[in-house]
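The end of the sequence shown is residue 559 by the working numbering, with every number in the run present.
Ideal Cβ placement from N, Cα and C applies to all residues, glycine included.
Accompanying notes for the structure given below.
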Amino acid sequence: MSDETTTPNANFKRRIFSGIQPSGNLTLGNYLGALKRFVEKQNEGIETIYCLVDLHAVTVWQDPEKLRHAIREGAAGFIAAGVDPEKSILFNQSQVGAHAELGWLLNCVARMGWMNRMTQFKDKAGKNAEKASLGLYAYPALMAADILLYHATEVPVGEDQKQHVELTRDIAAKFNHDYKVDFFPQPTPVIEGAATRVMSLRDGTKKMSKSDPSDASRINLTDDADTIAKKIRKAVTDPEPLPETLDGLDGRAEARNLVNIYAALSGKTPAEVLGEYGGAGFGTFKPALADLAVSVMAPINTEMNRLMQDPAEIDRILGKGADKADAIARPILEKTYEIMGMVRSR
Ligand code: AQP
């Protein structure tokens, strides 16, 4: 981290916040870009707060029954991947009302011009922006609230969320400036590892996404060993062997993606992977990658299935997490109201 990012946070305790939308099955992209790193941060002993952001999920239509299931399954995925509800705070966003309340306040701080520059809105709304929900447009201000509500200083995310964390910094700075306070920190996006942007298995130029209509484009945390291996064997690639060096991956998006996935799953660098497999064809590399992916992902799937046998226990964990989150969030929200001039008499 540069001085530029650490200095404004000198008065704030180190605290991590991040979230994932329960808008479908969690994917290998969510695992490598987010979950795996959530666990690493938790195990470094830093205070970690992780959230299934269900208020974000409903910015696009969600079938209520499927959403309920996805929240519980998402929580099971977090725990199966190693998020320990005794060490981290784990909850779903809608159970802590302060998120929506601060979200509104920050809607009034964020500027339309800033929101207009958000590329994810353009990607998700596509040509149909007129028909997109107002919530989808305001999503980044709610995300700023999610982070600032805990005075979080670091936000582990995949590459695609960097712009939203930068917007959070702008919103925090404007609030502090407008009200002449040093109340909100400047959170830093933490984007690390070999797979900060895992791409679709069908198209190496598209992000792997849980809402992609093609199930073959992604590995889900709910996929069993056979399905994982089959999807990797069928991943789109080119006919050339793997290059010896990284620059040989230029213009080969699918090959680069599989090398990055191998690197992230094995804890090696992409250069080390090419050191091992450079010159090999996909007939050799894909089975090796399939074995590796199965060895990492299948145990998570098994544990998720076990946890999903007891949804009441998952609800209990989420409820307890929400209580802990609320205890941090509520005083920060109250202080925000006070700074802004609202009368709080009860
Ligand atoms: N393909 C990816 N590679 C690396 N990181 C990724 N993340 C998501 N996809 C990838 C990271 O996972 C975290 C949670 O993301 P999210 O579910 O809240 O939203 P998203 O980025 O919009 O993810 P999806 O899968 O594309 O969801 P849908 O399809 O519902 O829009 C974030 O840290 C994200 O960077």
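Start-to-end residues for the beta strand (DSSP E) that takes in residue i
| i | result |
| --- | --- |
| LEU546 | Unbroken run through LEU546 is the alpha helix (DSSP H), 524-553; no beta strand (DSSP E). |
| ILE302 | 302-305 |
| ARG228 | 228-233 |
Delimiting residues of the alpha helix (DSSP H) encompassing residue i
| i | result |
| --- | --- |
| ARG285 | 277-294 |
| VAL368 | VAL368 -> not in any alpha helix (DSSP H); beta strand (DSSP E) instead, spanning 367-369. |
| HIS312 | 311-320 |
| GLU457 | Neither: GLU457 is in no alpha helix (DSSP H) and is coded neither H nor E. |
| GLN255 | 249-256 |
| GLN333 | 332-338 |
| HIS390 | 375-391 |
| THR450 | Here THR450 belongs to no alpha helix (DSSP H), and DSSP marks it neither H nor E. |
| ARG469 | 466-479 |
Identity of the residue in the options nearest residue i by Cα
| i | options | result |
| --- | --- | --- |
| ARG228 | THR515, SER422, THR401 and ASN433 | THR401 |
| ILE302 | LEU355, SER231, ARG324 and LEU318 | SER231 |
| GLU379 | VAL509, ASP425 and MET356 | MET356 |
| ALA538 | PRO277, LEU319 and GLY310 | GLY310 |
| GLY532 | GLN308, ALA293 and TYR392 | GLN308 |
| ILE545 | ALA223, GLY316 and ALA294 | GLY316 |
| PHE396 | ASP297, GLY461, THR366 and TYR352 | THR366 |
| TYR244 | PRO398, VAL411 and ALA493 | VAL411 |
| ILE233 | ASP373, ALA511 and ASP428 | ASP373 |
| ALA294 | LYS548, LEU434, ASN470 and TYR392 | LEU434 |
| ASP460 | ALA484, GLY554, PRO426 and VAL556 | ALA484 |
| GLN376 | THR332, ASN470 and THR458 | THR332 |
| VAL271 | LYS340, GLU260, ASP425 and ALA345 | ALA345 |
| ILE292 | LEU520, GLY554, PRO277 and LEU318 | LEU520 |
| PHE334 | TYR550, ASP523, MET510 and VAL273 | VAL273 |
| ARG330 | LYS393, PHE495, ALA358 and TYR352 | TYR352 |
| PHE495 | ASN222, ASN224 and ARG469 | ARG469 |
| MET517 | GLY290, ALA223, ILE259 and ASN224 | GLY290 |
| LYS337 | ASP425, ALA535, GLU314 and PHE498 | ASP425 |
| ALA313 | GLY554, ARG543 and MET555 | ARG543 |
| PRO277 | THR261, ASN224, PRO235 and GLU260 | PRO235 |
Distance CB(residue i)-CB(residue j) smaller than 7 Å
| i | j | result |
| --- | --- | --- |
| ASN514 | ASP437 | yes |
| GLN491 | PRO452 | What sits at residue 491 in the sequence shown is Gly, not Gln. Going by C-beta atoms, GLY491 is not nearer than 7 Å to PRO452. |
| GLY287 | LEU265 | yes |
| GLY246 | THR482 | no |
| GLU182 | THR440 | In the structure as shown, the chain begins at 214 and stops at 559. Residue 182 is therefore absent and cannot be evaluated. |
| ARG250 | ILE527 | no |
| ALA477 | VAL486 | no |
| LEU268 | GLN306 | yes |
| SER430 | ARG415 | yes |
| ILE541 | TYR263 | no |
| LEU241 | ILE432 | yes |
| ALA407 | ASN473 | yes |
| LEU319 | ALA354 | yes |
| VAL296 | ILE552 | no |
| ALA442 | VAL507 | yes |
| PRO369 | PHE225 | no |
Coil, strand or helix - residue i by DSSP
| i | result |
| --- | --- |
| ASN433 | strand |
| ASP496 | For the sequence presented, residue 496 should be read as Gly rather than Asp. In the structure shown, GLY496 sits in a helix (DSSP, three-state: H, G or I). |
| PHE397 | coil |
| GLU485 | helix |
| TYR263 | strand |
| LYS420 | strand |
| ARG557 | coil |
| PHE225 | coil |
| THR240 | strand |
| PRO402 | strand |
| MET328 | helix |
| MET356 | helix |
| MET521 | coil |
| GLU217 | The predicted position of GLU217 is uncertain, since its pLDDT is 42 and thus under 50; no value can be drawn from it. |
| ALA506 | helix |
Residue i at chain B interface by Cβ criterion, 7 Å
| i | result |
| --- | --- |
| ILE360 | Here there is only one protein chain, and chain B is not present. |
The ligand GTP heavy atom lying under 6 Å from the CB of residue i
| i | result |
| --- | --- |
| ASN243 | What this structure holds is the ligand AQP, not the ligand GTP. |
**Message:** Pairs of beta-carbons, one from the stretch 409-428 and one from the stretch 383-401, closer than 8 Å: are there three or more?
**Reply:** No, they do not touch.
**Item:** At least 3 beta-carbon pairs within less than 8 Å: the stretch 321-330 vs the stretch 368-385
**Value:** Touching, yes, given that three or more Cβ pairs across the two stretches are closer than 8 Å.
**Asked** Is it a yes or a no for the stretch 491-508 touching the stretch 270-285, going by three-plus beta-carbon pairs under 8 Å?
**Response** Between the stretch 491-508 and the stretch 270-285, the count of C-beta pairs closer than 8 Å stays below three; the two stretches do not touch.
**Request:** Decide if the stretch 293-301 is in contact with the stretch 253-261; the criterion is three or more beta carbon pairs, one per stretch, under 8 Å apart.
**Result:** Under the Cβ criterion (8 Å, minimum of three pairs), the stretch 293-301 counts as touching the stretch 253-261.
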